[in-house]
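Numbering (this note's numbering), first residue to last: 114 to 546.
Note that the Cβ used here is the ideal one computed from N, Cα and C, for glycine as well.
Values in this document were obtained by computation on a predicted structure and should not be read as measured data.
The block underneath contains the structure these notes are about, expressed in C-alpha cells.
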Ligand SMILES: [Zn+2]
C-alpha cells in the first residue's frame, strides 16, 4: 500500500473538521421523523446539492407504493455515484436518513444540532446522521487525495430503516442497486463504535396468536368460555417450557450485548376482553377473544421452521389437552439472520484500518436487532456487507442523543483508507479478529 500518501488521508480529514461539524448539524436540522416519514425530499435535495457539486451523479428515487408512501410523505431516497473512469470495483456507503420520534426527556433542542464539548446533539446525531456525514467526508477526502483511484464510490441516503426499510434499501435492492456488478462492497455507518465491525444480525419472527372462547354473562362465566384463561394457559406453557429452553440456547454469533447471545422472546402486547380505548364502566362479559403478539429473535443456528414449530407444538398440545382451547396464528414478519464471513474482503479492509488508525484490534459484533443489511443480503444477494460507524449504540433513540466529533473523524479516516484498500484490492489475508 502507498503508505505515505494514504497516511495523508487522516490529515486531510482532520483538516475538514469544521465542514464535518457543519454537515452533521445541517443534517440533524432536517427533521426526518419516521413515522410518518417527514422531510425526506428536503434531506435528499440537500445531499444532492452537496454531492453533485463535487462531481457525483445523483439520482433521487422514490419508493413508489412502499408502505407509508404518499404525495405528502414521499419515500425519497438518494443514490450518488462518483466514477473514477477506470475499471474497478464499487464501494458503497449506505446510511438511513430517517430518525425516530423525539420523545420526552430532552434538555437540548432535538433538531438544533448543538455543538458542545466536542459532541453534536440532536435526534439522529448518533443514529445515524453522524455516520452519514462521516462517510461523506471520507469519500470526498479520498477523491481529493490524489491517490490513484479505480472503480467507483457510492453514497446513498435511504429511508424507513426504522420501520423495516421497505421504501428504502429494500426498494433499491430489488432494482439492482445493491448487487454486483453495480456494487461490490457495502459499509453501513450505523453507530457501532469506531473499533467494532458489525457482521450482521439475529433473525426475527413476529406472530400474532389469538385464543378464542365463547361470550356469556360475567356473573355466570361457566356458561361461556374465557379466551383470556386459554391465553393464560399458553403463557404458562411459554414460561415453564419455552423460556428456559431459549435461554439455554447459545450462539456462536458474537452478539453484543452479551445477553442477546441466546434466543429471546418478547411478548410485545396482550389484549383480551373489552376494547382498550373504552374508559367507561365495563360490562359483564366473558372474553371471547384474546390476542398476543410475539417478538421472537432467533440465532443463525436455528431455522424459522423450528422457531415457528416450537410455538405451534405448544399450542397444538393445549388444543389436545385443554377442553375448548382453540387458536389462530398469524405470522406478521420474518427476517433471516445474516452474518458476513469474518474474512470477507470488507471485513479485512476495515479491520486492517481500525488496527492501523486506532492502534487496536477490531472487535467483531452482531446486532441483536435487524437493520438494512437484511435487504442487502437477501434481495441484493451481496454478502460483502458490514455495519461500521461512529457513535455509541446505546444512545440511539434516547433523549439527548449525541455523536462525538472525534469518533466521526476517526471513523471517517478508517472508512476512507478501507475504501482505498477495497478499490485497489490491497487486502491483508485472513480474518482481522
Ligand atoms: Zn440506525
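Query                                                                                                                                                                    : Result
Does the pairing of the region 188-201 with the region 126-133 give three or more beta-carbon distances under 8 Å?                                                       : no
Cα-Cα, which of 227, 213, 254 is closest to residue 168?                                                                                                                 : 254
Could you tell me the distance, in whole angstroms, from the CA atom of residue 329 to the CA atom of residue 355?                                                       : 32 Å
Which residue wins for smallest C-alpha separation from residue 266, given the options 380, 529, 216?                                                                    : 529
What are the boundary residues of the beta strand (DSSP E) that residue 461 is part of?                                                                                  : Unbroken run through residue 461 is the alpha helix (DSSP H), 458-471; no beta strand (DSSP E).
Among the residues of its own chain, which have a CB less than 6 Å from the CB of residue 360, if the five just before and after it don't count?                         : 375
If we require 3 or more residues per run, which beta strand (DSSP E) segments fall completely within the region 394-421?                                                 : 402-411
Nearest-angstrom Cα distance between residue 345 and residue 316?                                                                                                        : 27 Å
Are the CB atoms of residue 331 and residue 238 within a distance shorter than 7 Å?                                                                                      : no
If I follow the unbroken beta strand (DSSP E) through residue 240, where does it start and stop?                                                                         : Segment: none, residue 240 is in no beta strand (DSSP E) and carries neither H nor E.
Short check: CB of residue 141 to CB of residue 226, under 7 Å?                                                                                                          : yes
Would you give the residue range spanned by the beta strand (DSSP E) that residue 313 belongs to?                                                                        : 309-314
Looking only at its chain, what residues have a beta carbon closer than 6 Å to the beta carbon of residue 170, apart from the 5 residues adjacent to it on each side?    : 194
Reducing DSSP to helix, strand and coil, say where residue 196 ends up.                                                                                                  : strand
So for residue 357, helix, strand or coil by DSSP?                                                                                                                       : helix
Contact between the region 285-295 and the region 486-504: three or more CB pairs below 8 Å?                                                                             : yes
Under DSSP, the beta strand (DSSP E) around residue 170 begins and ends at which residues?                                                                               : 170-175
Kindly identify the DSSP beta-bridge partner or partners of residue 325.                                                                                                 : 402, 439
In chain order, what residues of the same chain have a beta carbon less than 6 Å from the beta carbon of residue 143, not counting five sequence neighbours either side? : 152, 155, 156
Rounded to whole angstroms, what's the CA-CA distance from residue 421 to residue 318? Just pull it up for me.                                                           : 8 Å
From the DSSP output, in three-state form, read off residue 179 for me.                                                                                                  : coil
When we look at the beta-carbon of residue 102 and count the other beta-carbons within 10 Å, is it buried (16 or more) or exposed?                                       : In this structure the chain extends from 114 to 546, so residue 102 is not present and cannot be described.
What are the residues that DSSP puts in a beta bridge with residue 516?                                                                                                  : 233
Indicate the three-state DSSP secondary structure (helix, strand or coil) for residue 256 in the structure shown.                                                        : helix
If you draw a straight line from the C-alpha of residue 175 to the C-alpha of residue 160, how long is it?                                                               : 15 Å
Decide if residue 450 is buried, meaning its Cβ has at least 16 other Cβ atoms within 10 Å, or exposed.                                                                  : buried
Taking only heavy atoms of ligand 1 into account, decide whether any of them is closer than 6 Å to the Cβ of residue 303.                                                : yes
Rounded to a whole number of angstroms, what is the C-alpha to C-alpha distance between residue 390 and residue 236?                                                     : 30 Å
Quick one: residues in its chain with C-beta nearer than 8 Å to the C-beta of residue 468, no 5 flanking neighbours on either side, listed in chain order?               : 474, 475, 545
Return yes when at least one heavy atom of ligand 1 lies under 6 Å from the C-beta of residue 241, else no.                                                              : yes
Going by C-alpha to C-alpha distance, which of 172, 213, 500 sits closest to residue 105?                                                                                : The requested residue 105 is not part of the displayed model; the chain covers only 114 to 546.
Between the Cα of residue 385 and those of 402, 211, 367, spot the shortest distance and give me the residue it belongs to.                                              : 402
Put residue 377 into one of helix, strand or coil per three-state DSSP.                                                                                                  : strand
Which residues does DSSP pair with residue 488 in a beta bridge?                                                                                                         : DSSP lists no partner for residue 488.
Please classify residue 487 as buried or exposed, where buried requires at least 16 other C-beta atoms within 10 Å of its C-beta.                                        : buried
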